[in-house]
Amino acid sequence: MGGFFDKVVELFSTPEYIDSLLHGFWLTIQISYFAILIGILLGTIIALIDTAKPSKWLVIPKFICRIYTTIIRGTPMALQLFIMFFIIFAIKGFPSIITAIIAFGLNSAAYTAEVIRGGILSVDIGQTEAGMALGLSRRTIFFKIVAPQAIKNIIPALGNEIITVIKETAIVSMVGMYDLNMAAKDIGSGQNMASYIVPMFVAALFYLVTIYLITFIVKQVEKSLRKSDLRAEE
Amino acid sequence: MENKNTDLKIKNLRKAFGKNKVLNGIDFELVEGERVVILGPSGSGKSTFLRCINWMEEPTSGEIYFDGVLLTEKNIRKMRRNMGMVFQHFNLINNLTVMENLTLAPVKLKLMKRDTAEKRAKELLRHIGLPNKANAYPASLSGGQKQRIAIIRAMMLSPEVLLFDEPTSALDPESIGDVLELIRELADRGMTIMIVTHEMSFAKEIATRIVFLDKGKIIEEGTPDEFFNHPKTPRVKEFLKKVL
Chain X
1 MGGFFDKVVE LFSTPEYIDS LLHGFWLTIQ ISYFAILIGI LLGTIIALID
51 TAKPSKWLVI PKFICRIYTT IIRGTPMALQ LFIMFFIIFA IKGFPSIITA
101 IIAFGLNSAA YTAEVIRGGI LSVDIGQTEA GMALGLSRRT IFFKIVAPQA
151 IKNIIPALGN EIITVIKETA IVSMVGMYDL NMAAKDIGSG QNMASYIVPM
201 FVAALFYLVT IYLITFIVKQ VEKSLRKSDL RAEE
Chain W
1 MENKNTDLKI KNLRKAFGKN KVLNGIDFEL VEGERVVILG PSGSGKSTFL
51 RCINWMEEPT SGEIYFDGVL LTEKNIRKMR RNMGMVFQHF NLINNLTVME
101 NLTLAPVKLK LMKRDTAEKR AKELLRHIGL PNKANAYPAS LSGGQKQRIA
151 IIRAMMLSPE VLLFDEPTSA LDPESIGDVL ELIRELADRG MTIMIVTHEM
201 SFAKEIATRI VFLDKGKIIE EGTPDEFFNH PKTPRVKEFL KKVL
C-alpha cells in the first residue's frame with residue numbers, strides 16, 4: 001500500500017495533475033450549473049402549462065408538454081447526449097460545452113417539471129378554494145397561497161434532481177469532453193501516473209464533497225421553509 | 001314595515017359532475033336577514049347547492065342573481081366578496097399567519113389599507129377571545145380556533161351573506177359549541193346566513209327557514225316549526241324519524 005500514498009503525494013505535488021483535475025471539475029460545475037438553471041426554468045414553464053386550468057388555448061401546449069416529458073424520460077440520457085452531439089449540433093466549431101448544457105438542461109427540465117407539477121398538485125384544493133371564496137385573483141392565489149406551499153414539497157425532490165444532474169454529467173467524457181471524470185481517467189492513464197486508483201478516488205471525493213454541500217444547502221432551505229409548520233408559535 | 005332586499009334569486013339551477021346529476025333544477029330565493037338551514041340526506045346535493053351559489057362549483061345551467069346581478073364567469077370574482085364562505089375543513093391558509101389570513105383579501109382587493117385591516121382584525125380576534133394568536137400559524141391552532149378565525153376572516157370583507165358548508169362537521173364536541181356560539185351571535189346581529197349542517201337542534205334554534213333537499217331538488221321548505229313539527233312529505237317524515 002506504500003505505493004498508494006506515494007501516488008497521492010505525487011498527484012497533489014504535480015501542478016499539472018492538479019490543474020487537470022480543477023479544469024475537469026470546473027467543466028463539470030459549468031455544465032451542471034447551466035443545465036440545472038435551464039431545467040428549472042423550462043421545467044417550471046412545463047409544470048405551469050401542465051397544471052393550468054384546461055382551456056382551448058392550452059390544448060396544444062399541454063399536448064406538447066406531455067410528449068416532451070414522455071420522450072425525455074423514456075430514453076437514456078447518454079443517447080440524448082449522442083443525438084445532440086452527432087445529429088442536432090453536429091456543426092463544425094460549435095462549442096461542445098453549449099451542446100452539453102442544452103442536452104442536460106432539456107433532460108433535467110422533464111424531470112424538474114414532474115417534481116414541480118407534483119408539488120403544485122400536492123397543495124390541498126381547500127387552500128385554493130379559500131382564496132377563491134375571498135374573491136382573490138388566480139394570480140394572487142397562485143403566488144400568495146399555492147406556490148409558497150408547493151415549494152416546500154418541491155425543494156427536497158429538486159435537490160435530488162440537482163444531485164442527479166451533477167453526477168450524470170460524467171457521461172460527457174463519452175463524447176470526449178474534459179470533465180472531472182475524464183480528468184481522473186486522463187491523469188491515471190499510462191502516459192501520466194500509470195495508476196487509476198488515486199485519481200479516481202480524488203475525483204470521487206470532489207463529486208462527494210460538492211454533492212454533500214448541496215445536500216446541506218437544500219436541508220437548510222427546507223428547514224427555513226418549514227417555519228409555518230411548527231406548532232411552537234404561541 | 002321596512003322593505004327587505006332580495007339578496008339571492010336562483011332559477012332552475014342544475015349541476016352535473018360528468019354523468020352524475022347532483023342538482024336537478026333548484027329555484028330559491030333568499031331575503032336579507034333570513035337564516036336558511038339546508039338539510040337533507042347525504043348525497044342530496046346540499047353542499048353542492050351551497051358551493052354553486054358562489055361558483056366554487058360552476059353551475060351546469062340555470063341562473064343565479066345576487067343583488068339583482070346575474071352571476072357570470074366574468075363578474076363572479078368581484079361578486080364573491082359579498083358572499084363570505086366558511087368551509088368544513090376551515091381552509092385557513094397554511095403558509096400565512098392568522099393576521100395575514102385575515103388581512104390578505106381586504107388589502108389585496110384594495111378594500112382597506114393595511115393598518116385599517118390589521119386594526120379590524122385585532123378587534124375581531126379580541127372579540128372571539130384569541131387576541132394572542134395574531135402571529136400564530138394555523139398549524140398551531142385547534143380545530144375550533146381555526147374555524148372561528150375562518151368565520152372572522154369571512155367577516156373581514158363585510159359580506160352581505162355568509163355561506164356555511166358543514167362548519168362543525170370536522171370538530172370535536174367541545175369546539176362545536178364555541179363555533180355555534182359565534183354563528184348564533186352573527187345571527188343575532190342580523191347577518192343573512194345560509195348553512196348546511198347536521199346539527200338538528202342548532203338548525204331548529206337558528207333557522208328562520210328550513211330547506212330540505214333530496215336527489216338534487218328542494219322537496220320541502222318552511223319554518224322550523226312547520227318543518228320539524230308538521231312535515232308534509234313522507235320523505236321528510238322518514239328523515240326526521242331517523243335523525244331526531
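Top to bottom, those sequences are chains X and W. So in the working numbering, spot 50 of the first sequence is number 50, and the numbers just go up one at a time. So in the working numbering, spot 99 of the second sequence is number 99, and the numbers just go up one at a time. Glycine included, C-beta positions come from ideal geometry on N, C-alpha and C.
Enclosing beta strand (DSSP E) for residue i [first to last residue]
{"i": "MET83(W)", "result": "83 to 86"}
{"i": "ARG189(W)", "result": "Unbroken run through ARG189(W): none, as it is neither H nor E."}
{"i": "LEU162(W)", "result": "161 to 165"}
{"i": "ILE171(X)", "result": "First-last for ILE171(X): undefined, no H or E at that position."}
{"i": "LEU39(W)", "result": "35 to 39"}
Minimum Cβ-Cβ distance from residue i to chain X less than 9 Å
{"i": "ASN91(W)", "result": "yes"}
{"i": "GLY45(W)", "result": "no"}
{"i": "ARG114(W)", "result": "no"}
{"i": "TYR137(W)", "result": "yes"}
{"i": "ARG148(W)", "result": "no"}
{"i": "ALA121(W)", "result": "no"}
{"i": "ARG126(W)", "result": "no"}
{"i": "ALA154(W)", "result": "yes"}
Whole-Å CB distance - residue i paired with residue j, under 8 Å assumed
{"i": "LYS133(W)", "j": "LEU92(W)", "result": "The pair is not a contact, with the Cβ atoms about 11 Å apart (cut-off 8 Å)."}
{"i": "ASP172(W)", "j": "GLY143(W)", "result": "7 Å"}
{"i": "ARG209(W)", "j": "GLU221(W)", "result": "6 Å"}
{"i": "LEU50(W)", "j": "LEU163(W)", "result": "5 Å"}
{"i": "LYS108(W)", "j": "LEU136(X)", "result": "6 Å"}
{"i": "PRO167(W)", "j": "VAL86(W)", "result": "5 Å"}
{"i": "ARG35(W)", "j": "ILE152(W)", "result": "That belief does not hold up - the Cβ atoms of ARG35(W) and ILE152(W) are roughly 18 Å apart, past 8 Å."}
{"i": "ILE97(X)", "j": "ILE145(X)", "result": "Not confirmed; about 40 Å, so no contact."}
{"i": "MET182(X)", "j": "ALA100(X)", "result": "That pair is no contact at about 12 Å."}
{"i": "THR51(X)", "j": "LEU121(X)", "result": "7 Å"}
{"i": "THR169(X)", "j": "PHE104(X)", "result": "6 Å"}
{"i": "MET83(W)", "j": "ILE53(W)", "result": "7 Å"}
{"i": "VAL211(W)", "j": "THR192(W)", "result": "Incorrect: roughly 14 Å between the Cβ atoms, too far for contact."}
Three-state secondary structure assigned by DSSP to residue i
{"i": "THR6(W)", "result": "strand"}
{"i": "ILE93(W)", "result": "coil"}
{"i": "LEU27(X)", "result": "helix"}
{"i": "LYS215(W)", "result": "coil"}
{"i": "ILE120(X)", "result": "helix"}
{"i": "ARG126(W)", "result": "helix"}
{"i": "SER61(W)", "result": "strand"}
{"i": "ASN24(W)", "result": "strand"}
{"i": "LYS15(W)", "result": "strand"}
{"i": "GLY222(W)", "result": "strand"}
{"i": "ILE97(X)", "result": "helix"}
{"i": "MET56(W)", "result": "coil"}
{"i": "PHE66(W)", "result": "strand"}
{"i": "ILE91(X)", "result": "coil"}
{"i": "GLU29(W)", "result": "strand"}
{"i": "MET193(X)", "result": "coil"}
{"i": "MET200(W)", "result": "helix"}
Proximity test, Cβ basis, 9 Å: residue i and chain W
{"i": "ALA130(X)", "result": "yes"}
{"i": "GLY135(X)", "result": "yes"}
{"i": "ILE155(X)", "result": "no"}
{"i": "PRO95(X)", "result": "no"}
{"i": "ASP50(X)", "result": "no"}
{"i": "ASP186(X)", "result": "no"}
{"i": "GLN191(X)", "result": "no"}
{"i": "GLN127(X)", "result": "yes"}
{"i": "SER224(X)", "result": "no"}
{"i": "ASP19(X)", "result": "no"}
{"i": "LEU124(X)", "result": "Note that residue 124(X) corresponds to Asp in the displayed sequence, not to Leu. Yes, contact with chain W."}
Partners in chain W for residue i, counting only beta-carbon separations shorter than 9 Å
{"i": "GLY119(X)", "result": "Ordered by position in chain W, no residue passes the 9 Å Cβ test against GLY119(X), which lies about 13 Å from the chain."}
{"i": "GLN149(X)", "result": "ILE93, ASN94 and ASN95"}
Listed by chain order, chain X residues near residue i by CB distance under 8 Å
{"i": "LEU157(W)", "result": "LEU134 and GLY135"}
{"i": "ARG184(W)", "result": "Under the 8 Å cutoff, chain X gives no residues; its nearest Cβ is about 22 Å from ARG184(W)."}
Chain X contact residues for residue i, given Cβ-Cβ distances below 9 Å
{"i": "ALA203(W)", "result": "Here the premise fails: no neighbours, minimum Cβ distance about 23 Å."}
{"i": "LYS78(W)", "result": "GLY135"}
{"i": "ARG81(W)", "result": "LEU134 and GLY135"}
Proximal residues of chain W, C-beta to C-beta of residue i below 7 Å
{"i": "LYS144(X)", "result": "LEU104"}
{"i": "THR140(X)", "result": "LYS108"}
{"i": "ASP229(X)", "result": "ALA139"}
Where the alpha helix (DSSP H) through residue i begins and ends
{"i": "LEU134(X)", "result": "Counting along the chain, LEU134(X) falls outside any alpha helix (DSSP H), and DSSP gives it neither H nor E."}
{"i": "ARG226(X)", "result": "Segment: none, ARG226(X) is in no alpha helix (DSSP H) and carries neither H nor E."}
{"i": "ILE60(X)", "result": "59 to 74"}
{"i": "VAL107(W)", "result": "98 to 108"}
{"i": "GLU238(W)", "result": "234 to 243"}
{"i": "MET77(X)", "result": "77 to 83"}
Chain X residues whose Cβ lies nearer than 7 Å to that of residue i
{"i": "MET85(W)", "result": "ALA133"}
The ligand GTP heavy atom lying under 8 Å from the CB of residue i
{"i": "VAL59(X)", "result": "With respect to the ligand GTP, the structure offers nothing, as it holds no ligand at all."}
Quiz prompt | Against chain A: residues of the region 45 to 68 of chain W by CB proximity under 7 Å | solution = Among the protein chains of the structure shown, namely X and W, there is no chain A.
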